[in-house]
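Read top to bottom, the protein sequences are chains E and S. Each position in the first sequence, counted from 1, maps to that position plus 15 in our numbering. Each position in the second sequence, counted from 1, maps to that position plus 39 in our numbering. Note that beta-carbon positions come from the ideal geometry of N, C-alpha and C, so glycine has one too. The structure appears right after this line, and notes come after that.
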Amino acid sequence: MARFSSYEHLLRLAALFAVGIALFAGLRWLLVPADYGLIGPYRASALTQNQAHPIVYAGRLACIDCHSDVADVLKANAHARVGCESCHGALAAHAADPGVTAIRPDVRTTCAICHVPDTAKPAGFKTVNFAEHAGAESCSSCHQPHAPRP
Amino acid sequence: MPPPDRRAFLLQTGKLLVLTASAAAAWDYVMAGEPEKTPDYDAAAHWWAMVIDVERCIGCGLCVRACKTENHVSLEPDCFRTWVERYEIDPDDPDHPHVTSPNGGYDGFPPVTNEGVKTFFVPKLCNQCADSPCVQVCPVGATFQTPDGVVLVDKDYCLGCRYCVQACPYGCRYIDPETHTADKCTLCYHRITRGLKPACVEICPTGARSLGDLKDPNDPIHEFLRTHKVHVLKPQMATHPKTFYNGLDGAVR
């Protein structure tokens, strides 16, 4: 037994290790979020948080739900591709509750967003000098925005 | 029965953990009395990509405004999740294109009518790289790639150290002046996971932007990529971007 008489220093070392490991585990438990690393090296709930952002633009399908008559007119002409909210603005609030009034866009300003001349625009895109073409006249006196051919 | 090997055991444990997490998330909605709001979106079934048709962009800036509205992006200077650039290339000096982007194209562009100069618009946004430098440099795991291929920021976990802003070769990140954390295009993750298009795609009047799901064999993006000569920005960076440009000029960086 004489060989094992002095082992106190080993016990002290073991205790030190145990405290160190417990400290590490405790701190890790405290500092690392519970859902960290479930899917990858990030908090899994960050996905749900990003998904929870509110929707501001309702999307064309939501518009067509009620306004299918306008969609039918649009279908056959040059503005068929243009999203409803491109001209009418963000309307998720209106789609969720029709009591929220949608603002009628100002025709001339709205047309000008796209149709002012600029050589950087692709060839074939219809542009017009508004002052020369119409003076102070509103675009909608001749053109219907939902069926733009004169 | 042979004992299960370590790989199989780890896989099983991993799946169990993920399922438990999603079940726990769903349970929150059930307890709140809104079980129909439980997210039934399967991220692993999608791999999102974006196609930009440069030849259709008219520089109206609707995408820039829609993005800011949809995502509550700060109106302060240099805060953009998407922006539009106008290139003007003088044939006598093709190596130095004149690139302008007044307020990111938020208010449109002052018209140019100088004939004889090659000029076009290029919309820019996060390239959703498959091997993105911004994810690699984040020291805390606050930016990551989702299982459906979107690079997102965990704004609660971000320190605002700006490493990712420097790492992005495309300049797609900025520091949110309100939260002082990194921010970037999320491909409207809240919209695409609910079956909607991103706000910029929804709003683009000429169809210059479209979202595609590379994992969906019926998605028209496959047909588009097969029949068009597409390019990505800075392929030499080996970031493997998932934003494809059709009709991209060699001068665009």
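For residue i, the residue or residues it bridges with in DSSP
i: residue 323 of chain S; result: Nothing about residue 323 of chain S can be read from this structure; chain S reaches only from 40 to 292.
i: residue 91 of chain S; result: S:248, S:284
i: residue 182 of chain S; result: S:192
i: residue 214 of chain S; result: S:221
i: residue 51 of chain E; result: E:58
Cα-Cα separation between residue i and residue j, rounded to whole angstroms
i: residue 53 of chain E; j: residue 61 of chain E; result: 11 Å
i: residue 74 of chain S; j: residue 71 of chain E; result: Interpretation of residue 74 of chain S is limited by its pLDDT of 49, a score under 50 that renders its predicted location unreliable; no figure is taken from the coordinates.
i: residue 104 of chain S; j: residue 142 of chain S; result: 11 Å
i: residue 123 of chain E; j: residue 85 of chain E; result: 20 Å
i: residue 173 of chain S; j: residue 182 of chain S; result: 7 Å
i: residue 323 of chain S; j: residue 156 of chain S; result: Within the shown structure, residues of chain S are numbered from 40 to 292, placing residue 323 of chain S beyond reach of any answer.
i: residue 102 of chain S; j: residue 243 of chain S; result: 6 Å
Boundaries (first-last residue) of the alpha helix (DSSP H) holding residue i
i: residue 228 of chain S; result: 228-231
i: residue 66 of chain E; result: 60-66
i: residue 220 of chain S; result: Per DSSP, residue 220 of chain S belongs to no alpha helix (DSSP H) and is neither H nor E.
i: residue 86 of chain S; result: Element bounds for residue 86 of chain S: n/a, residue is neither H nor E.
i: residue 23 of chain E; result: 23-46
i: residue 205 of chain S; result: 202-206
i: residue 123 of chain E; result: 122-130
i: residue 273 of chain S; result: Here residue 273 of chain S belongs to no alpha helix (DSSP H), and DSSP marks it neither H nor E.
i: residue 162 of chain E; result: Where residue 162 of chain E is concerned, there is no enclosing alpha helix (DSSP H), given that its DSSP letter is neither H nor E.
i: residue 152 of chain S; result: Looking at the DSSP string, residue 152 of chain S is not in any alpha helix (DSSP H), and its letter there is neither H nor E.
i: residue 172 of chain S; result: 172-176
i: residue 75 of chain E; result: 75-81
Residue i vs residue j beta-carbon contact at 9 Å
i: residue 93 of chain S; j: residue 161 of chain S; result: yes
i: residue 94 of chain E; j: residue 137 of chain E; result: no
i: residue 171 of chain S; j: residue 245 of chain S; result: no
i: residue 218 of chain S; j: residue 188 of chain S; result: no
i: residue 282 of chain S; j: residue 228 of chain S; result: no
i: residue 120 of chain S; j: residue 106 of chain S; result: yes
i: residue 238 of chain S; j: residue 96 of chain S; result: no
i: residue 216 of chain S; j: residue 113 of chain S; result: yes
i: residue 111 of chain S; j: residue 126 of chain S; result: no
Burial state of residue i (16 or more Cβ within 10 Å)
i: residue 45 of chain S; result: exposed
i: residue 234 of chain S; result: exposed
i: residue 144 of chain S; result: buried
i: residue 230 of chain S; result: buried
i: residue 241 of chain S; result: buried
i: residue 175 of chain S; result: exposed
i: residue 101 of chain E; result: buried
i: residue 158 of chain S; result: buried
i: residue 86 of chain S; result: buried
i: residue 124 of chain S; result: buried
i: residue 249 of chain S; result: buried
i: residue 210 of chain S; result: exposed
i: residue 256 of chain S; result: exposed
i: residue 148 of chain S; result: buried
i: residue 225 of chain S; result: buried
N-terminal and C-terminal residue of the beta strand (DSSP E) that residue i is part of
i: residue 192 of chain S; result: 190-192
Cβ of residue i within 9 Å of any chain C Cβ
i: residue 134 of chain E; result: Here the protein chains are E and S, and chain C is not one of them.
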